[in-house]
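**Student:**
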Amino acid sequence: MLVVGSGFLNTSCDKMDGRYLTPFKQSEWTGRRVLLEDYTGQKCPNCPAGAKIAKDLKDLYGEKLIVVSIHAGWFAKPDNNPPFNTDYRTVAGTEYDDYFGIGLVGNPNGMVNRTGWKGSHILSPNAWTSKIVSEMNKAPQVEVEIAKDYTAATRNLSIDVKTTFKTTLQKNLKLLVWITEDSIVSPQQNNDPNIGTVGVIQDYVHRHMLRGTANSTWGTLIANTSVAVPKGTVKNNNFTYSLPANWKDSNCYIVVFVYDDQNKEVFQANELKIK
Amino acid sequence: MKKIMFTLTILLLSGFVTFTQTPEKKLSKLPSVKVKTLDGKTINTAELSNDGKPFIISFWALWCKPCVKELTAIAEVYEEWQKETGVKIYAVSIDDARSSSRVKPTVDGNNWTYDVLLDANSEFKRAMNVNQIPHMFIVNGKGEIVWQHTSFADGGELEVIEEVRKVLASSKN
Amino acid sequence: MNRKILILIIALFPGCLFAQGFLEGGKVTGNFQLDAQYYNKDSLIGAPDVPEKMLLNGFANILYTQGNFSAGVRYESYQNPMLGFDKRYKGSGFAYRFASYTNDQFEITVGNFYEQFGSGLILRSYEERNLGLDNAFDGIRVRYNPFQGVTVKGLIGEQRYFWEKGPGIVRGADAEFQLNDLIGAMEDSKTRISLGASMVSKYQATEDIIFGYIDTVGYKYVLPENVAAFAGRIGLNRGNFGLNVEYAHKSKDPNADNSFVYRDGQALLLTATYSQKGLGIYLSAKRIDNMAFKSKRTEKGNMLNINYLPALTKQHTYSLAAIYPYATQPNGEMALQGEIVYTIPKGKLLGGKYGTEVKLNFSRANSIDKTNLNDTTGYESSFFKPGDELYFQDINVEIAKKFSKKLKATCTYINLIYNQSVIEGHPNEPDVKANIAIADVTWKFTDKKALRTEIQHLWTKEDDKNWVMGLLEYSIAPAWFFSVSDMYNYGNDVKDKQIHYMNIAAGYSRGTNRIQLSYGKQREGIICVGGVCRQVPASNGFSLSITSSF
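Structural data, given as structure tokens:
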């Protein structure tokens, strides 16, 4: 961020305030954490610009925003030869991309809390900010907390999820548990000179990449429409996961979210570092 | 709800169509759309005519190979057609801003003597229910559309002049 | 809203028709088209697995006209949209409906409509059904012809966005003056002059869009809610000469296409023509600087365009010539095109018995001169100076000659330079330099039976390297055609990619009905528009197309 900032600092400061740019002020937090999914691929030259916007938003919101990059679609398909011969796609990520039709519209594109399904759920990076603002202003109907127990020697992870209903709900609710890995250094195609080398950025830092799910692609059902779950109910779930050897466990996170299976909308999300 | 509305519309409109089928089949007249000539004048398509003789309207574009083929094939026999039947061809180009300025030099460079009209945003094409070009219409002396055909194959111009002859013959009766 | 207008039209129909006596004079016409394709998975060419197996696009237009009144609807169905069409078109419904009243001086249309001001530099809404392009307005449009020589148009509307509407409201007005009709002294003048002026404004409520960090403080953009644009044009015609100039200017419009710079946009389009019997000369030049104009500021791609920036290059229809097409760079380009069309008269040395047509065409597009300012105003650009980067160059010659009543041929040669890096967004890829030669020969057996052969060859050292293509087409006028073709990428470095893209097709047309069936492989392509690249996958299978009008 400092690299981008300093370029603008030394010229025309009068253009910075009021006329074209204004400090971004956040309203009081309602307690709702928002999920931002960035659908991308290592061979997508326009994607680093989108990832930068995701990173700026993450820096701005901190733990209130959970960002996950999902490598899926044509631009994520690995080549037989370097530099793009690593496969960062996941079974779940490809299924989401097919279902929501994002890659076929183009990359980079993403979803915020999976709202707008279907019809206006695909958002381009510049449209993420306003959607995050409006989603974050809504009081959460559910709270989700994560506790973990990780043994580095065996690479076994035990995940405890506690879901608290803050209001009475009668919906098909599912709980989805993802494992993501941050700071993966790997080549990335790029065409934005402000971000890095035009062409291939050899040591590009991939952030918060979706690596797998602990409870199947679409998650675990924790409530269904036939029964109204009263306010105050607490549901506990436990999941286990074994981290593959090639993942850096010190960079891995658990991402959990509760969503309405009817319209896929995310009610609440949370994130916890594994190690 | 959408399905009901759609069915209703179709039913009502087919009702209208049967109502409007009076004993003599009603022919469509040309719609009223503004198009431009090659030297910038605006013309109303409802006023297109050929002194009471039949005329042809042919939709084409520079980028449409079969359209150019059709107009080239007819250009070779146009003089004979005119001597025999007095028919006139209005060649309506649907070229948009990308190629519409090249229409005049191409028409003159090819030695075509048609009356060329520019329908830059396809308004006339839409009003005539044209989908694919080339699409050709024969309009009789009373301004009614009596025949139309889409697509072109070498030798297709023979069918066109046959139809023009038929229109002339029936108008004399 | 859709339903209400439909109910209104249906309710009014019997009303006004019965009021006028009865249904005499009213006419229902329409057209429809159906395109369906069956997809086989083919990993050799990269054709994906299509779970639905068959995809279908269809539409029907129904038009009712009665005297000065007309109304119509279009029903579209994409179950599901064919590959190459945006998935967000999935579904069915009435996508277009309008009612219109016209008389000598006045026309009003309510509902959906298409419109163009001048050459479209500032406003053009149009449809290109085969490409899935449709930015129809939904609102009201009025055209007024107060007296001979003056046409005034006004419109207000929102634009179509798949099955919804874009967030912006567009307002526009245009006036055109035919001086020869207005000024008595000019009525009989040999010089025809027309003047035009347009003004377009779009409104979109402001929104939060993050800019980034300056010294650990997060900033967002201050976005203008109203963006105005104006344009002026002059058309001159005198005898064999013609001249058209149009200039458009857009106020500060930070959007996703121009990376949110606060800079005015400008466009200038100039065309000059000279033509006489047997010779036509055409020259045009244009400059585009920051003219992406959409009714949704975060939208990238083909949707919600308010204006139309044409590429000044010749559209090639032969398959190998169309592998590397140029698309206008809305953020900035300077382009030129020149063409000479000449028919060598019959009898002359090279003219032969029937005359020979020669077409020479040259086009070139460059970047604009840019000096980056490293702040939100973006860059400075000198108006008349082109930039250093070549985007596209096309030099081509076409000679068409009829040898006898039975034999005619067209030969074409094209030399292309295609900047992959800018046009497709593939950074650091070398420019594709290609030479293409095409021979197209038709032999007529009888008056109505003809056989056409095409042989094409593309030479290039870049991208997929060399291609060769052959086509045989047999037609029986006026109804039938059969064809067989093969596009072979024999020059590809990768042995697995030296693929034959074979295709057979047959078609029948009668009156306004046309049906076409084809089977074979189609190569993949990429569409890149304004920073978003979309892949058009390769396909393998049957495809059917039916069109008709009534």
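Taken in sequence, the protein lines are chains A, B and C.
Here our numbering = 1-based position in the first sequence + 412.
Here our numbering = 1-based position in the second sequence + 368.
Here our numbering = 1-based position in the third sequence + 1.
Glycine included, each C-beta is placed from N, C-alpha and C at the ideal position.
Being a predicted model, the structure only gives us computed values, none of them experimental.
Taking the C-alpha atoms as reference points, what is the distance between A/D672 and A/D661?
**Tutor:** Within the first sequence, numbered from 1, the residue matching residue 672 of chain A stands at position 260. Within the first sequence, numbered from 1, the residue matching residue 661 of chain A stands at position 249. The alpha-carbon atoms of A/D672 and A/D661 are separated by roughly 30 angstroms.
**Student:** Leaving out the 5 sequence neighbours to the left and right, which residues in its chain are closer than 6 angstroms to B/V514 when beta-carbon positions are compared?
**Tutor:** Within the second sequence, the letter at position 146 stands for residue 514 of chain B. For B/V514, where only same-chain residues beyond five positions count, the Cβ hits under 6 angstroms are I506, N508 and V535.
**Student:** Please specify which runs of the beta strand (DSSP E), each continuous and at least 3 residues long, are wholly inside the stretch 624-671 of chain A, giving them in chain order.
**Tutor:** List check, beta strand (DSSP E) in window: 632-635 and 646-654.
**Student:** Would you mind telling me which residues of chain C sit closer than 7 angstroms to A/S628, beta carbon to beta carbon, in chain order?
**Tutor:** As a first step, residue 628 of chain A must be located in the first sequence, where it is residue number 216. Here the premise fails: no neighbours, minimum Cβ distance about 20 angstroms.
**Student:** Tell me whether A/F512 sits in a helix, a strand or coil according to DSSP, three-state version.
**Tutor:** Mapped onto the first sequence, residue 512 of chain A falls at position 100. If DSSP states are grouped into helix, strand and coil, A/F512 belongs with the helices.
**Student:** Thinking C-alpha only, which one of A/D491, A/C664, A/A640 and A/G644 is nearest A/T625?
**Tutor:** Numbered from 1 along the first sequence, position 213 holds the residue referred to as residue 625 of chain A. Ranking A/D491, A/C664, A/A640 and A/G644 by Cα distance to A/T625 puts A/C664 first.
**Student:** Assuming C/L271 contacts C/K295 (C-beta within less than 8 angstroms), just tell me the rounded distance between them.
**Tutor:** For the purposes of this step, residue 271 of chain C is taken as the residue at position 270 of the third sequence. For the purposes of this step, residue 295 of chain C is taken as the residue at position 294 of the third sequence. Not quite, the Cβ-Cβ distance comes to about 25 angstroms (not below 8 angstroms), so this is no contact.
**Student:** Can you give me the C-alpha to C-alpha distance between A/P605 and A/Y511, rounded to a whole angstrom?
**Tutor:** As a working mapping, residue 605 of chain A is identified with position 193 in the first sequence. As a working mapping, residue 511 of chain A is identified with position 99 in the first sequence. Distance between the alpha carbons of A/P605 and A/Y511: 33 angstroms.
**Student:** How is the beta strand (DSSP E) around C/S476 delimited, first residue to last?
**Tutor:** One-based indexing of the third sequence puts residue 476 of chain C at position 475. Where C/S476 is concerned, the enclosing beta strand (DSSP E) stretches over W468 to I477.
**Student:** So is A/F496 in contact with chain C if we call contact Cβ pairs under 8 angstroms?
**Tutor:** Locating residue 496 of chain A in the first sequence gives position 84, where the first residue counts as 1. So no, A/F496 is outside the interface.
**Student:** Show which residues of chain C have a CB atom less than 9 angstroms away from the CB atom of B/S538.
**Tutor:** By one-based count along the second sequence, residue 538 of chain B stands at place 170. Correct list: empty, because the minimum Cβ distance to chain C is about 17 angstroms.
**Student:** Inspect the CB distances between the stretch 190-207 of chain C and the stretch 161-181 of chain C and report whether three or more fall short of 8 angstroms.
**Tutor:** They touch, by the three-pair rule.
**Student:** Using a C-beta to C-beta distance shorter than 9 angstroms, which residues of chain B count as neighbours of C/I477?
**Tutor:** Here residue 477 of chain C refers to the residue found at position 476 when the third sequence is read from its first residue. Chain B residues near C/I477: A521 and G523.
**Student:** Which partner residues does B/M504 have in the DSSP bridge list?
**Tutor:** Taking the first residue of the second sequence as position 1, residue 504 of chain B is located at position 136. Paired residues: B/S426 and B/H517.
**Student:** Considering only DSSP beta bridges, list what C/E358 is partnered with.
**Tutor:** If you number the third sequence from 1, residue 358 of chain C lands on position 357. DSSP lists C/T344 and C/A401 as partners of C/E358.
**Student:** Can you list, in chain order, the residues of its chain whose CB lies under 7 angstroms from that of A/K470, leaving out five sequence neighbours each side?
**Tutor:** On the first sequence, position 58 is the one that residue 470 of chain A refers to. Counting only Cβ-Cβ distances below 7 angstroms, and skipping sequence neighbours, we find L477 and V479.
**Student:** Do B/A443 and C/S476 come within 8 angstroms of each other at the CB atom, strictly closer than that value?
**Tutor:** Taking the third sequence and counting its residues from 1, one reaches residue 476 of chain C at position 475. Taking the second sequence and counting its residues from 1, one reaches residue 443 of chain B at position 75. Not in contact: C/S476 and B/A443 (Cβ atoms no closer than 8 angstroms).
**Student:** Count the other CB atoms within 10 Å of the CB of B/A537; is the residue buried (16 or more) or exposed (fewer)?
**Tutor:** As a position in the second sequence, residue 537 of chain B is number 169, starting the count at 1. Its Cβ having fewer than 16 others within 10 Å, B/A537 is exposed.
**Student:** Indicate whether at least one CB of chain C lies closer than 8 angstroms to the CB of B/P422.
**Tutor:** Position 54 of the second sequence, counting from 1, holds the residue named residue 422 of chain B. It does not: the Cβ of B/P422 has no partner Cβ on chain C nearer than 8 angstroms.
**Student:** Report yes if the C-beta of C/E226 is less than 7 angstroms from at least one heavy atom of the ligand SAM; otherwise report no.
**Tutor:** This structure simply doesn't include the ligand SAM, nor any ligand for that matter.
**Student:** If C/N1 sits next to C/Y102, beta carbons under 8 angstroms apart, how far is it from one beta carbon to the other, in whole angstroms?
**Tutor:** Shown here, chain C extends from 2 to 551; a query on residue 1 of chain C therefore has no answer.
**Student:** Can you round the beta-carbon distance between C/N81 and C/Y97 to whole angstroms, since I take them to be within the 8 angstroms contact cut?
**Tutor:** The residue labelled residue 81 of chain C in the question sits at position 80 within the third sequence. The residue labelled residue 97 of chain C in the question sits at position 96 within the third sequence. That pair is no contact at about 20 angstroms.
**Student:** In chain order, what residues of the same chain lie with their CB nearer than 8 angstroms to the CB of B/P391, ignoring the 5 residues before and after it?
**Tutor:** Indexing the second sequence from 1 puts residue 391 of chain B at position 23. Note on B/P391: pLDDT 44, under 50, position unreliable in the model; no value is reported.
**Student:** Beta-carbon separation of C/F99 and C/A72 under 8 angstroms?
**Tutor:** Start at 1 with the first residue of the third sequence, and residue 99 of chain C comes out as number 98. Start at 1 with the first residue of the third sequence, and residue 72 of chain C comes out as number 71. Yes; because the gap between Cβ atoms is below 8 angstroms, this pair is in contact.
**Student:** Is it buried or exposed for A/K437, if we count other Cβ within 10 angstroms and need 16 for buried?
**Tutor:** Position 25 of the first sequence, counting from 1, holds the residue named residue 437 of chain A. With fewer than 16 Cβ atoms within 10 Å of its Cβ, A/K437 is classed as exposed.
**Student:** Report the three-state DSSP secondary structure of C/Y115 (helix, strand or coil).
**Tutor:** Mapped onto the third sequence, residue 115 of chain C falls at position 114. Coil, per DSSP.
**Student:** Find out if the Cβ-Cβ distance for the pair C/Y343, C/I439 is shorter than 8 angstroms.
**Tutor:** For the purposes of this step, residue 343 of chain C is taken as the residue at position 342 of the third sequence. For the purposes of this step, residue 439 of chain C is taken as the residue at position 438 of the third sequence. No, they are not a contact pair.
**Student:** Mind checking C/L132: buried by the 16 CB within 10 Å criterion, or exposed?
**Tutor:** Numbered from its first residue, the third sequence carries residue 132 of chain C at position 131. C/L132 should be labelled exposed.
**Student:** Can you pull the chain C residues whose beta carbon is under 8 angstroms from the beta carbon of B/Q450, in chain order?
**Tutor:** To locate residue 450 of chain B, count along the second sequence from 1; it is residue 82. What B/Q450 touches in chain C: nothing, since even the nearest Cβ is about 17 angstroms away.
**Student:** Could you tell me the distance, in whole angstroms, from the CA atom of C/N181 to the CA atom of C/G236?
**Tutor:** Within the third sequence, numbered from 1, the residue matching residue 181 of chain C stands at position 180. Within the third sequence, numbered from 1, the residue matching residue 236 of chain C stands at position 235. The straight-line gap from Cα to Cα measures roughly 12 angstroms.
**Student:** Output the distance between the C-alpha atoms of C/G85 and C/S260, rounded to the nearest integer angstrom.
**Tutor:** As a first step, residue 85 of chain C is located in the third sequence; it is residue number 84 there, counting from the start. As a first step, residue 260 of chain C is located in the third sequence; it is residue number 259 there, counting from the start. Roughly 26 angstroms separates the two Cα atoms.
**Student:** Measure the C-alpha to C-alpha separation of A/M523 and A/H620 and round it to an integer number of angstroms.
**Tutor:** Translated into the one-based positions of the first sequence, residue 523 of chain A becomes position 111. Translated into the one-based positions of the first sequence, residue 620 of chain A becomes position 208. Between A/M523 and A/H620, the C-alpha separation is close to 15 angstroms.
**Student:** Using a Cβ cut-off of 8 angstroms (strictly closer), state whether B/R533 contacts chain C.
**Tutor:** As a position in the second sequence, residue 533 of chain B is number 165, starting the count at 1. Not an interface residue.
**Student:** For C/S510 versus B/S519, is the C-beta distance shorter than 8 angstroms?
**Tutor:** If you number the third sequence from 1, residue 510 of chain C lands on position 509. If you number the second sequence from 1, residue 519 of chain B lands on position 151. Yes, Cβ-Cβ distance for C/S510 and B/S519 is below 8 angstroms.
**Student:** I'd like to know if A/P457 contacts chain C, where contact means its C-beta is closer than 8 angstroms to some C-beta of that chain.
**Tutor:** What you label residue 457 of chain A is simply residue 45 of the first sequence in a count that begins at 1. Answer yes: the Cβ-Cβ gap between A/P457 and chain C drops below 8 angstroms somewhere.
**Student:** Whose CA, out of C/L417, C/P52 and C/L545, lies closest to the CA of C/N362?
**Tutor:** Position 361 of the third sequence, counted from the start, is the residue given in the question as residue 362 of chain C. Cα-wise, what sits closest to C/N362 is C/L417.
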